[in-house]
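Each residue of the sequence shown is one higher than the one before, counting from 2 in the working numbering. Don't be surprised by glycine CBs; every beta carbon is placed ideally from N, CA and C. Here the structure is a predicted model, which means the values were calculated and not measured.
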Amino acid sequence: MRKLNMIGWLAVLVVAIVLVIQFIPVERNVSTVAPGQSFEKTEKVPANVAAILKVSCYDCHSNNTRYPWYSELQPGAWFMARHIKKGKEELNFDEFNNYSKRRKKAKIRSIISQIEKDEMPLKSYRMMHGNARLSADKKKELLDFFRDNEYSK
């Protein structure tokens with residue numbers, strides 16, 4: 002009986018903690034890009050490639066994330082915020098125009114390599130966002146564009 006009572010109190014404590022953490026806010030990734038400085042404009046990205054990037058890359062690699070319903074729940078929101086922060090540190094398409102020529106070359110080569118190796122988008126992201134998966138045709142479109150980019154040479 003005593004053990005059951007302790008398990009009951011432990012369950013109440015866990016529920017209370019889960020409820021309390023829901024009120025801890027997470028900073029949102031909201032665009033601050035100056036008009037005309039986006040990757041699509043500065044790199045003359047064709048509409049088909051821009052559409053793929055928007056769906057498969059920009060949530061983690063730009064200054065503007067589309068937030069799904071589960072991003073309102075903790076600890077999922079913390080997990081997402083951490084992924085977005087790390088993704089933007091690695092590559093931020095909205096800041097690409099500010100990179101040095103050397104860094105741009107390195108990023109384009111890295112993009113090509115990660116698409117070829119099926120490392121991006123992350124598997125965890127593809128599980129929750131089925132439309133972000135890159136079909137063979139989408140991969141080819143992206144690879145053709147990035148291989149033809151001035152910074153890939």
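TODO: Consult DSSP for E91 and reduce its assignment to one of helix, strand or coil.
DONE: helix
Can you list, in chain order, the residues of its chain whose CB lies under 7 Å from that of I53, leaving out five sequence neighbours each side? K139, E142, L143
_DSSP three-state assignment for Y100, whether helix, strand or coil_ = coil
Buried/exposed call for L14, threshold 16 Cβ in 10 Å: exposed
Contact between the region 91 to 104 and the region 55 to 62 is defined here as three or more beta-carbon pairs at a separation below 8 Å; is this criterion met? yes
DSSP three-state label for E44, please.
coil
inquiry  = Just to confirm my understanding: we take A82, look at its own chain, exclude 5 residues before and 5 after, and list those with CB closer than 6 Å. What are they?
reply    = V27
Practice task
Return yes when at least one heavy atom of the ligand FAD lies under 7 Å from the C-beta of K124, else no.
Solution key: No copy of the ligand FAD occurs in the structure displayed, which carries no ligand at all.
- Can the beta-carbon of S32 be found less than 8 Å from the beta-carbon of N64? yes
Beta-carbon within less than 6 Å of R134's beta-carbon, same chain only, minus the 5 sequence neighbours each way: which residues are those?
R127
| query | Just reading off the alpha helix (DSSP H) that E142 is part of, what are its end residues? | reply | 137 to 148
Practice problem: Please name the residue, chosen from A12, E73, V50, I109, that lies closest to I25 on a Cα-to-Cα basis. | Solution: E73
Item checked: S136 to I8 span [Cα, whole Å] -> 49 Å
- Message: For V16 and F146, which I take to be in contact (beta-carbon distance under 8 Å), what is that distance rounded to the nearest angstrom?
- Response: The Cβ separation is near 50 Å, so there is no contact.
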